[in-house]
Amino acid sequence: MTKGVRGIGMTAMGVNNDLSDLSARLDEIAATGLSFVELPLYDLDCVIAGKIHRPQLDAVIRIAQSRNLTYTVHGPHPINFFDDVFRLPRHFEVLKASMECAAELQAVHYVVHAGMMPLTQSAGLDAAYERQREWLAKAGDLAKSLGLYLCVENIYGEYFGKIHTPTPKRLAQELALINHSHVCATLDIGHAWIELDFHGLDLVSECAALAPYARHVHIHDCFGRQDDIWMYTESERLAFGHGDLHLPVGMGAIPWAVLFDACLFPQESIFNIELAKRYWHWRHDCVDAMIALQQNIKTRG
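Take the position in the sequence shown, starting the count at 1, then add 3; the result is the number in my numbering.
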């Protein structure tokens, strides 16, 4: 067991569609001392109708490759292999195009969300997991050919229990069944707490189950509370401590030291900070807090 990890990164959050502020965002992240950046490909207009939009991707490449940074990529959120069978080829078409964009950006990880579907009887859930395993294995083959790791992210169900998505422990079980060298996990600790709070499950033990598969970790703080009261402004949501706030580390209530003490990560893991745009002015404090916590992270030697 060791305490070394590949590194800490941060998402280039809230970039304008015309890319006019992408250079500034990358420079702001580099100024914090980080050398890894996650590019929000889901919001960069590099894929149109399942095909690469070459002028936009080339513009992103020019900006990204002019800096001495290492990139990861977050793909489009709606990609969903729990969806109805007739739509799965379309999901894979978008996945393939965005993974090819990631490869051209020389990214090392590609993040995709785990499946989400309306809650149904067990036979329906079993069928959804089976098709997700099939398509993720196919995506793993593509990832390997492109020099990427496909990192499947745990998310949280919405609409007050009417949506099913795998908990971290169930996602770990699915990855073990897929058993593909290039299909691993993104452990999103904030998402995990919101999902597990709803079901009354334990955050630390669930995250510990997924950690060995998590070459990628999303870091942001929250209070693990359901977003179950109508709010008018995001500041009101913050006042109540509800939902997926993406706060700086230490501003929420995630028990970081206890959690990291229970988890054993791959040594190649990248811990990527996902800070909401409204809290961007606190990025230096957030990075400092994460660097201080880094000594608590344990990895396989």
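Where is the CB? At the ideal position from N, CA and C, for every residue including glycine.
With 16 other CB atoms within 10 Å as the buried threshold, where does residue i fall?
i: I51; result: exposed
i: V88; result: exposed
i: N380; result: Lying before the first or after the last residue shown, residue 380 is absent from the chain, which here runs from 4 to 304.
i: H221; result: buried
i: V115; result: buried
i: L122; result: exposed
Excluding the 5 residues preceding and the 5 following residue i in the sequence, name in chain order all residues of the same chain whose CB lies nearer than 7 angstroms to its CB.
i: L37; result: I11, G12, M13, V290
i: K54; result: A100
Excluding the 5 residues preceding and the 5 following residue i in the sequence, name in chain order all residues of the same chain whose CB lies nearer than 8 angstroms to its CB.
i: N157; result: A117, T168, P169, T170, P171, L174, A188, T189, L190, D191, H194, A195, E198, L213
i: S208; result: K172, A265
i: K280; result: M16, G17
Would you say the beta carbon of residue i comes nearer than 7 angstroms to a heavy atom of the ligand ADP?
i: T123; result: Here there are no bound small molecules, and the ligand ADP is not part of this structure.
Using CA coordinates, which residue listed in the options is at the minimum distance from residue i?
i: F263; options: A33, H185, F274; result: F274
i: K147; options: Y113, G127, P58, I64; result: Y113
i: D48; options: F39, L29, G78; result: G78
i: G319; options: S69, D144, N299, R228; result: The structure shown has nothing for residue 319, since the chain only spans 4 to 304.
i: Y216; options: I300, L278, L178; result: L178
i: L91; options: I64, L139, S125; result: L139
i: N20; options: A33, A211, E41, L60; result: L60
i: N182; options: I257, L153, A67, A126; result: L153
Since residue i contacts residue j with CB under 8 angstroms, what's their CB separation in whole angstroms?
i: R134; j: F84; result: 6 angstroms
i: L180; j: R136; result: 6 angstroms
In its own chain, which residues sit with a C-beta less than 6 angstroms from the C-beta of residue i, not counting the 5 before and 5 after it?
i: D230; result: H245, G246
i: M254; result: D224
i: V252; result: D224, C289, A292, M293
i: N299; result: A260, F263
Cβ atoms of residue j and residue i: under 8 angstroms apart, would you say?
i: L287; j: T35; result: Residue identity check: residue 287 is His in the sequence provided, not Leu. Cβ atoms of H287 and T35: closer than 8 angstroms.
i: V155; j: V111; result: no
i: V76; j: L29; result: no
i: F268; j: T302; result: yes
i: Q109; j: Y74; result: yes
i: L151; j: M102; result: yes
i: E277; j: R218; result: no
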